[in-house]
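Just so you know, the protein sequences line up as chains A and B, in that order. Here the first sequence stands for residues 72 to 278, numbered as in the working numbering. Here the second sequence stands for residues 72 to 278, numbered as in the working numbering.
There are 2 protein chains.
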Amino acid sequence: MANPMRDQKLDTLLSSAARVFAQHGYHQTSMRDLARASGISLAGVYYYVRSKEELLYLIQRRNFEAVIAGMRRALAGVTNPVERLYRFVDNHLDYFATHMAEMKVLSHEAGALTGDLLQTVNDMKREYTRVLMDILAELEASHGPAHLNRRVAAYSLFGMMNWIYNWYDPLGDVGVELLSQSVCRLFLGGYVGLPVPESSLPQSAAG
Amino acid sequence: MANPMRDQKLDTLLSSAARVFAQHGYHQTSMRDLARASGISLAGVYYYVRSKEELLYLIQRRNFEAVIAGMRRALAGVTNPVERLYRFVDNHLDYFATHMAEMKVLSHEAGALTGDLLQTVNDMKREYTRVLMDILAELEASHGPAHLNRRVAAYSLFGMMNWIYNWYDPLGDVGVELLSQSVCRLFLGGYVGLPVPESSLPQSAAG
DNA sequence: GTTGGAATTGAACGAGCGTTCGAAAGACCG
DNA sequence: CGGTCTTTCGAACGCTCGTTCAATTCCAAC
């Protein structure tokens, strides 16, 4: 069943498609554009993918799965709510910054899927959101009641993080670590009134 | 030159178009969809608008102009940086919440314009962003150095605000005032370490 | 060198797209 | 009523779209 050669070609197809989707948008991009960008013939694309929508779906699912897997790894064994939040944010932004095209497609083309494909991705989003909401609950338990509605806080944080494809340049002078720390500080300071000192934030989410 | 009857019809065309664009996306929507939604014939649409792109442009420009005008009004005569920030945020979110469809189109279809039309809208965005950046500078002057990069802070705030079309329900149990106060508190607490008490936030941005 | 499945393709299909245009209908004034 | 300017529209044009399919090429196994 497994076919490594085919999987590898599918991978390059998906990543070159993500690049074109990110640049011109999903609906603006034609299958002919994707064929040209990936070096396959138009009909050849359909050997690897059932439809244009499945192509978008595979991009979204693969990358979201990677984000979630990284998040689980980053949170494993960590109990301090502040550090858990930091690791959640850092994992999200780190993956975002190193996969800008794919994540722009995931963030911006959320509404382009339909039916079961949309359902599956939305389920992953619900699972992911739930983890953040739980961290917020832990934060409140350890640092007193929050200054604002938990759901509003969670989506505000997602807003900060998911908006970065509109302005952030991974090659610019703001590194990912600075970005993560900034967003964390912004959020923690306002959410539970925590002035976050440099030292309390880990240098990296690894480990 | 001025033709009130024509302007009014154009208005209803723009707002019904915004509704359809917001629901299905700009590129997904056909001119036939717009004709059907506005009750005009397909050819009739072109009597009011030069092209589909100009239609999008007019929606974006009109509403952005309204946001900027409201912001100028809200800031006029106010010197306290904290209150200026609150009014900036409140104006933005209030307009957003009362014009969800139009603002979703403005936020989500930013990249669909090209050439001069794109340029004009981008110029307005630059002007708008500059006002926020200036408020942040005032904040730093009066409340000590910020805890993070000013540009990162500004775009994080825009992220919180512009992301709301992805989750916020104006008819739900979270009112606009609560939303504005939440976002302000989140931002101010993290940006300059300001714990914002209830009383220091105005009840409304009017006046 | 033949076989057989995997991989690839050129060419075509039907549908829908944005836009145009000449003509019809309506509104206002003499 | 007749004339003129604004508004509306049915019908069509040329084009691009996502998708299909029969035919071909590739390549490892015998």
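A virtual CB, placed ideally from N, CA and C, is assigned to each residue, including glycine. These figures come from a predicted structure and were not determined experimentally.
In chain A, which residues lie less than 8 Å from residue i when you measure between Cβ atoms?
i: B:A224; result: S253, L257
i: B:L214; result: Just to set this straight, residue 214 of chain B is His in the shown sequence, not Leu. Those within 8 Å of B:H214 in chain A number zero; the least Cβ separation is about 12 Å.
i: B:N74; result: Going along chain A, no residue has its Cβ under 8 Å from B:N74, so there is no contact; the nearest lies around 34 Å.
Terminal residues of the continuous alpha helix (DSSP H) containing residue i?
i: A:P99; result: Per the sequence shown, residue 99 of chain A should be read as Gln rather than Pro. Element bounds for A:Q99: n/a, residue is neither H nor E.
i: A:R121; result: Counting along the chain, A:R121 falls outside any alpha helix (DSSP H), and DSSP gives it neither H nor E.
i: A:N233; result: 221–233
i: B:H179; result: 171–179
Tell me whether residue i sits in a helix, a strand or coil according to DSSP, three-state version.
i: B:D165; result: helix
i: A:L156; result: helix
i: A:E209; result: helix
i: A:T83; result: helix
i: A:W289; result: With chain A running from 72 to 278 in the structure shown, residue 289 of chain A is simply not present.
i: A:I130; result: helix
i: B:I111; result: coil
i: A:A89; result: helix
i: A:P75; result: helix
i: B:H214; result: helix
i: A:A147; result: coil
i: B:L259; result: helix
i: A:V245; result: coil
i: A:L184; result: coil
Anything in chain B within Cβ reach of residue i, meaning under 7 Å, just list it in chain order.
i: A:M231; result: S227, G230, M231
i: A:H98; result: G96, H98, Q99
i: A:N193; result: Per Cβ cutoff of 7 Å: no residues; A:N193 is ~12 Å from chain B at best.
i: A:N134; result: Within 7 Å Cβ-Cβ: nothing; A:N134 doesn't reach chain B, min ~18 Å.
i: A:N151; result: Within 7 Å Cβ-Cβ: nothing; A:N151 doesn't reach chain B, min ~19 Å.
What in chain A is Cβ-close to residue i, meaning under 7 Å?
i: B:Y262; result: L257
Quick one: list the residues of chain B neighbouring residue i, beta-carbon separation under 8 Å, in chain order.
i: A:L127; result: Those do not exist, as A:L127 stays about 13 Å from chain B at its closest Cβ, beyond 8 Å.
i: A:V245; result: N220, R222, V223
At a CB-CB cut-off below 9 Å, which residues of chain B make contact with residue i?
i: A:L219; result: L249, Q252, S253, V254, R256, L257
Can you confirm whether the region 120–136 of chain A touches the region 200–220 of chain A when touching is taken to mean that 3 or more C-beta pairs between the two stretches lie within less than 8 Å? Touching, no, given that fewer than three Cβ pairs across the two stretches are closer than 8 Å.
According to a CB-to-CB cut-off of less than 8 Å, which residues of the region 160–189 of chain B neighbour chain A? For the region 160–189 of chain B, the set of positions with a beta-carbon nearer than 8 Å to some beta-carbon of chain A reads H179, A181, G182, A183 in chain order.
Specify whether the region 210–223 of chain A and the region 243–256 of chain B touch according to this definition: at least 3 beta carbon pairs, one from each stretch, less than 8 Å apart. In short, these stretches touch, since the Cβ pair count reaches three.
Okay, do the region 128–140 of chain B and the region 173–183 of chain B touch, 3+ Cβ pairs below 8 Å being the bar? Segments in contact, yes.
Is the region 142–153 of chain B in contact with the region 96–115 of chain B, if contact means three or more CB pairs nearer than 8 Å? Contact annotation: the region 142–153 of chain B does not touch the region 96–115 of chain B, with fewer than three C-beta pairs closer than 8 Å.
Quick check: the region 234–252 of chain A against the region 74–88 of chain B, are at least 3 beta-carbon pairs closer than 8 Å? Under the three-pair Cβ rule at 8 Å, the region 74–88 of chain B does not count as touching the region 234–252 of chain A.
Contacting positions in the region 109–122 of chain A - beta carbon closer than 8 Å to chain B: From the region 109–122 of chain A, no residue has a Cβ closer than 8 Å to chain B.
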